[in-house]
Amino acid sequence: MKIILNKNVPGLGALGAIKQVSAGYARNFLLPKNLARLATDQTLEQIKKETGEREAKRKKQQDKAVQLKNELEGKTFSLQALANKETLFAAVSPQQIVEAVKQKIGAEIQAEQLHIPSPIKHTGPTEVDLKLTPDVRLKLKINVEAQHA
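If you're matching positions, the sequence shown starts at 1 in our numbering and goes up one per residue.
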């Protein structure tokens, strides 16, 4: 049975992929959970149209991400946090980093795009990973300064 995937299905394929699966697998698992739909001539034409639109949108997002990466590279973002000498009272949150980026260059990033390997609890320079798209990543330089209470 030929089906078109509505979502990414581990071990089977990605969104929009056309696959040949057994009738039982399609009827009992994929179709009831809305993970796939039957591949008819009409749905195949619709998929071609959707794929073109999706590809154009992905290309636009990719270009935007590369432009933002070029803006962010080489810049250091400063944060102030309450501290006792070199140790912070509370770890730096991803939201604080997002605000620092927004203040310095006006760029909008999401806290979910940041990967902080371990909590930032000390003053001084550090780096965090920023994943703009699956293909565009960079190390964001952060400098944490002590703000005495």
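Idealized CB from N, CA, C, for every residue including glycine.
Under the three-state DSSP convention, the category residue i falls into
i, result
"T51", "helix"
"V101", "helix"
"L31", "coil"
"Q147", "strand"
"G106", "coil"
"L79", "strand"
"N70", "helix"
Minimum C-alpha distance to residue i - residue among the options
i, options, result
"K7", "N28, K33 and D129", "K33"
Alpha-carbon spacing of residue i relative to residue j, whole angstroms
i, j, result
"L5", "A17", "6 angstroms"
"G106", "Y25", "49 angstroms"
"L88", "L68", "30 angstroms"
"F35", "I47", "Looking at the sequence itself, residue 35 is Leu, so the reference to Phe does not match. Whole-angstrom Cα-Cα distance: 15 angstroms."
"D41", "K139", "46 angstroms"
Nearest-angstrom Cβ-Cβ length linking residue i and residue j, presumed shorter than 8 angstroms
i, j, result
"V92", "I109", "Incorrect: roughly 15 angstroms between the Cβ atoms, too far for contact."
"Q147", "L72", "Their Cβ separation, rounded to whole angstroms, is 24 angstroms, which puts Q147 and L72 out of contact at 8 angstroms."
Buried/exposed call for residue i, threshold 16 Cβ in 10 Å
i, result
"A90", "exposed"
"L130", "buried"
Residue i: CB within 7 angstroms of a non-hydrogen atom of the ligand NAP
i, result
"A14", "Questions concerning the ligand NAP fall outside what the structure shown contains, since it holds no ligand whatsoever."
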